Amino acid sequence: MTVSLVGAAVAPTTASADTGDRTRTVDCASLYVSDSGGTVHARTRNCTVTWGKNIHDNVYWQTVKFQLLDDDTDGVCAKANAIASDSGKSASFSECDGVWTTKTATLNGRSSNIFIRVAYGSQSQHGKISTNIGAPSGF
C-alpha cells in the first residue's frame with residue numbers, strides 16, 4: 328500500500344494596517360421653508376452628518392450630505408448652508424430646477440456641532456429653518 332501526500336502551498340497574505348480612521352453617521356431632520364402664504368419653497372431630506380477622526384494623526388472632519396429641492400420653481404432658488412459651529416467653516420448649496428439634488432460637503436477640523444440652515448432666495452424673510460446636530464461622544 329502506497330500513501331501519497333499532496334500539500335497545497337498557501338501564499339502569505341499581506342496584513343492590512345489600521346489607517347486609524349473612525350467614523351459615526353448621525354441622521355438629521357428634514358427641513359422645509361414656506362412663505363407667509365404657506366407655499367413651500369425649499370426642502371431637504373435624507374440628511375446625514377458623518378463625524379470622522381483619525382486616531383493616529385488626531386485629525387477630525389465632518390461630512391454633511393442631504394438632498395435639496397427648489398419646491399416652487401418661481402425663479403427663486405432653494406438655498407442651504409452647513410456650518411461647523413466651532414470653526415465657522417461652512418459650505419453653501421443651491422438648487423433651482425425643481426429636482427431633488429444630492430449635496431455633499433466635508434468640513435475639516437474638530438467641531439462640537441454642525442448647523443444646517445435652509446432658506447430660499449438671497450434675502451429670505453420667511454423660513455430660515457435650521458437644525459443643529461451635535462457630535463457623538465468621542466468626536
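Just so you know, this note's numbering puts 462 at position 135 of the sequence shown, and the rest follows in order with no gaps.
We put the beta carbon where it would ideally sit given N, CA and C, even for glycine.
The model shown is predicted, which means the values in this text are computed figures rather than measured ones.
Query: So, for residue 431: in the same chain, excluding its five sequence neighbours on each side, which residues have a beta-carbon less than 8 Å away from its beta-carbon?; Result: 390, 391 and 392
Query: What would DSSP say about residue 356, mapped onto helix, strand or coil?; Result: coil
Query: Going by beta carbon distance, what residues of the same chain come within less than 6 Å of residue 374, once the five residues before and after it are set aside?; Result: 355 and 393
Query: Within 10 Å of its beta-carbon, does residue 371 have 16 or more other beta-carbons around it, so buried, or fewer, so exposed?; Result: buried
Query: Do residue 490 and residue 368 have their CB atoms nearer than 7 Å?; Result: Because the chain spans 328 through 466 in this model, residue 490 falls outside it and cannot be assessed.
Query: Under 7 Å, do residue 456 and residue 360 count as touching if we go by C-beta distance?; Result: yes
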